[in-house]
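Here is the structure we will look at.
4 protein chains.
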Amino acid sequence: MGVNSHSFRVRYAETDQMGVVYHGNYAQYLEMGRVEWLRALGVTYKSMEDSGIMLPVISLHIDYKKSALYDDLLTVETQLTSRPLVKIEFDYKVFNEAGDLLATAHTVLAFMDKKTGRPIKCPEYILDKLED
Amino acid sequence: MGVNSHSFRVRYAETDQMGVVYHGNYAQYLEMGRVEWLRALGVTYKSMEDSGIMLPVISLHIDYKKSALYDDLLTVETQLTSRPLVKIEFDYKVFNEAGDLLATAHTVLAFMDKKTGRPIKCPEYILDKLED
Amino acid sequence: MGVNSHSFRVRYAETDQMGVVYHGNYAQYLEMGRVEWLRALGVTYKSMEDSGIMLPVISLHIDYKKSALYDDLLTVETQLTSRPLVKIEFDYKVFNEAGDLLATAHTVLAFMDKKTGRPIKCPEYILDKLED
Amino acid sequence: MGVNSHSFRVRYAETDQMGVVYHGNYAQYLEMGRVEWLRALGVTYKSMEDSGIMLPVISLHIDYKKSALYDDLLTVETQLTSRPLVKIEFDYKVFNEAGDLLATAHTVLAFMDKKTGRPIKCPEYILDKLED
């Protein structure tokens, strides 16, 4: 349950006329963070979805501390908060290259059967990997 | 094959740090234009897709004349350019509230069978409505 | 401090491959909600920004209950939660046309001097309008 | 005037309910392509803008050949088409990891003085770098 770090540059399209990253775009940054957290665990979200499991976000909470600027090299640190059951929860920290903490965030996602649309448990193969 | 006009306000999220609407967001404006053109014809794109027909964009061309600003009330004028066969082509003009022409555009979309992914002809019920 | 309702259609671009509105796009829906809340009060956010006051989001919290679909006519209900001081807080409810509650949300924004980047108090003319 | 290659992964947010990348998002991919082309030349677009020169897109043309999918590792190849004067033009090719050509594109951008909003010539230091 370690921390995964993922870095990327701010796109021009992501800024708004305040001259900083539009606050709503952080949702995409967090999504990249947890997708790379999963990949580091040996699972791609794509393969999970192909196998019939979806993982919709059911709660999103972001606190903004400092602005991200165009062309900044940002890093999202993603951490699992507890053993997943029917839900999986992550904490995030977003930093700029100078090491300033720009935002903290928390998301809750639910495991869902793609066909039935009903909640299911976290797949065993993910729980197994978490115990390695 | 008349012109359909659709108006909407520029969102803050759609601006970039130049202080104007990010050029890439016009693709969404054109999409709203042709969706409302279809609705005015008596067809919803949603129902078309539900009936198994998709309409991917295969060519997009936009010429930008003047900037759109935050909170501007924009109008997209959408016009069919010719009788659709396996493709459907539209011309667009985007205006602000003062009547300034901000952009002209042209898109080509292809009728596609959702299951097979193959090109198909424009559905008869659309051609019929065009002749009314 | 009444509730303002604002309605708009889901754009195709706002969906993702789950076949529903991408969760991050709700940030834009909430933004439209509070901008229209302000407009109903007799203030445009644009004029506020032109007068040197910015209103960055410092906290965003969204709970997702049910999915929004392409072409849905959504309504955002926006409500001020308390008399604004250096911050202004809103509660939101997002409904579809059938009246299903899709999401609830809460945002905190901070009044900021555009030149200095420092926090300031809510402008008097807004407080005055709230007392009307 | 060589070709610059830039690679990145498709984000979930960039897909739409057709199950492929929304066509309008390619504008951001092209933007990343030319920004990295400039960086390879030894210039950051950020520093150019900080020095008072803006580079708005005045024409965008994209032809879509094949769909990009979620989590695909895409590569944008960006090439300058001719010596820039008051405008700078680029050709682009977008490929997936399998080497399939997904899209070709062409953009025209105009050098603009940030203060006056008027067209200017391509800065000498860029022309110099192009001759190296």
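Chains A, B, C and D are the protein sequences, given in the same order. One rule links them: number in the numbering used here = place in the first sequence (from 1) + 369. One rule links them: number in the numbering used here = place in the second sequence (from 1) + 369. One rule links them: number in the numbering used here = place in the third sequence (from 1) + 369. One rule links them: number in the numbering used here = place in the fourth sequence (from 1) + 369. Don't be surprised by glycine CBs; every beta carbon is placed ideally from N, CA and C.
Could you compute how far the alpha carbon of Thr-353 (chain C) sits from the alpha carbon of Lys-498 (chain B)? Chain C is shown from 370 up to 501; residue 353 (chain C) falls before or after that span and cannot be answered.
Within chain D, partners of Pro-425 (chain B) - CB distance below 9 Å: Met-387, Val-389, His-392, Tyr-433, Ser-436
By how many angstroms is the C-alpha of Ile-422 (chain B) removed from the C-alpha of Ile-457 (chain B)? 13 Å
Along the region 394-417 of chain B, what residues have a CB closer than 7 Å to any CB found in chain D? Answer in chain order: Ala-396, Gln-397.
For Arg-378 (chain B), the three-state DSSP class (helix, strand or coil): strand
Contact set between Ser-428 (chain A) and chain C, taken where Cβ atoms lie within less than 9 Å: His-430, Ile-431, Asp-432, Tyr-433
Are there 16 or more other CB atoms within 10 angstroms of the CB of Pro-453 (chain B), so buried, or fewer, so exposed? buried
Run down chain B in chain order and give the residues with a C-beta less than 9 Å from the C-beta of Tyr-439 (chain C). Tyr-414, Lys-415, Glu-418
Inter-residue spacing [alpha-carbon to alpha-carbon] between Trp-406 (chain B) and Thr-384 (chain D): Each residue's CA atom was taken as its position, placing Trp-406 (chain B) and Thr-384 (chain D) some 24 Å apart.
Can you find a CB in chain C that lies within less than 8 Å of the CB of Ala-382 (chain D)? yes
How many whole angstroms separate the CB atoms of Glu-446 (chain A) and Lys-462 (chain A), which I take to be in contact at a CB cut-off of 8 Å? 5 Å
Own chain residues within Cβ distance below 7 Å of Tyr-439 (chain A), not counting five before or after: Val-379, Tyr-381, Thr-384
Distance between Phe-464 (chain D) and His-430 (chain B) (C-alpha atoms, nearest Å): 20 Å
Note the first and the last residue of the continuous alpha helix (DSSP H) segment covering Ser-416 (chain D). 414-419
Closest by CA to Asp-419 (chain B), which one among B:Pro-492, B:Lys-483, B:Pro-425, B:Glu-493? B:Lys-483
Residues of its chain near Arg-328 (chain A), where Cβ-Cβ distance is below 6 Å and the 5 sequence neighbours each way are ignored: Beyond the ends of chain A as shown, which are 370 and 501, falls residue 328 (chain A); an answer cannot be given.
Measure the Cβ-Cβ separation of Gly-393 (chain C) and Ala-396 (chain A) and say whether it is below 8 Å. It is a contact, given that the beta carbons lie within the stated cut-off.
Range of the contiguous beta strand (DSSP E) that encloses Glu-446 (chain A): 442-449
Less than 6 Å between C-beta atoms, sequence neighbours within five positions excluded: which residues of the same chain meet that for Asp-432 (chain C)? Contacts found: Thr-473.
Phe-480 (chain D) vs Leu-424 (chain D) beta-carbon contact at 8 Å: Going by C-beta atoms, Phe-480 (chain D) is nearer than 8 Å to Leu-424 (chain D).
Which word fits Thr-450 (chain A), buried or exposed, when buried means at least 16 other C-beta atoms lie within 10 angstroms of its C-beta? exposed
Looking at C-alpha atoms only, which residue of B:Leu-496, B:Ile-495, B:Thr-444, B:Pro-488 is the closest neighbour of Tyr-398 (chain B)? B:Thr-444
Using the C-alpha atoms, what's the distance from Ser-416 (chain C) back to Gln-386 (chain A)? Spanning the two alpha carbons is a distance of roughly 14 Å.
Straight-line CA distance for Val-389 (chain C) to Asp-501 (chain C)? 40 Å
Closest residue to Asp-469 (chain A) among A:Leu-478, A:Met-401, A:Asp-441 (Cα-Cα distance): A:Asp-441
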